[in-house]
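Here the structure is laid out as structure tokens; the discussion comes afterwards.
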Amino acid sequence: MCGLDLSSNQLTGDIPQQIGDLVQIHALNFSYNKLVGSIPKVFSNLKQLESLDLSNNLLSGNIPPELGTLDFLSTFNVSYNNLSGMIPTQHHTSHILRVVSMAIQIFVDHILNTNVQ
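In case it helps, my numbering puts the sequence shown at residues 151 to 267.
Here's what the structure looks like:
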């Protein structure tokens, strides 16, 4: 499977843990829904993931540090949520992470040590 676009589908509730079973997926888009809860750690199982868009939801909590193990992640959008805490800094992806969007977020500590557009 290349990608899954579930944007603007009026989805509600938590992101299901079973999303971690999509180990061959390259792109996931859950933007413009009403998803709640925290970002699941199981996203770190998606080792082929290049693009993750969770923007414009009602997600809260911290970004799991496990996302730092996604070697191919180049686009990461969590803007317009209710996230807090630190942005994971152990990103092995820092040399290829091109787009990080966290508009309207308040984060404590420091941002990724990378060239972010």
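Yeah, the Cβ is synthetic: ideal placement off N, Cα and C, and Gly gets one too.
C-alpha gap between residue i and residue j, whole angstroms
{"i": "E216", "j": "L156", "result": "23 Å"}
{"i": "H245", "j": "S224", "result": "Summary for H245: the model assigns pLDDT 48, below 50, so the residue's position carries little reliability; its value from the coordinates is reported in the next sentence. Distance between the alpha carbons of H245 and S224 is about 9 Å."}
{"i": "H242", "j": "G170", "result": "With a pLDDT of only 49 at H242, under 50, the local geometry of the prediction cannot be trusted, and no value is derived from it."}
{"i": "N232", "j": "Q167", "result": "20 Å"}
{"i": "I213", "j": "G235", "result": "8 Å"}
{"i": "T219", "j": "L178", "result": "17 Å"}
{"i": "G198", "j": "H176", "result": "In the sequence on display, residue 198 carries Gln and not Gly. Straight-line Cα distance between these residues: approximately 5 Å."}
{"i": "P190", "j": "L196", "result": "12 Å"}
Option nearest residue i by Cα separation, candidates the options
{"i": "D221", "options": "I169, N231 and S194", "result": "S194"}
{"i": "Q174", "options": "S158, S188, F180 and E200", "result": "E200"}
Buried/exposed call for residue i, threshold 16 Cβ in 10 Å
{"i": "L208", "result": "exposed"}
{"i": "G153", "result": "exposed"}
{"i": "G211", "result": "exposed"}
Other residues of its chain near residue i: CB distance less than 6 Å, five sequence neighbours each side excluded
{"i": "S188", "result": "G211"}
{"i": "F180", "result": "L156 and L204"}
{"i": "L172", "result": "none"}
Other residues of its chain near residue i: CB distance less than 8 Å, five sequence neighbours each side excluded
{"i": "S158", "result": "S181, Y182 and N183"}
Beta-carbon proximity list for residue i, same chain, < 7 Å, skipping 5 on both sides
{"i": "V192", "result": "Q167, I169 and G170"}
Is the number of C-beta pairs between the stretch 155–164 and the stretch 178–185 that are closer than 8 Å three or more?
yes
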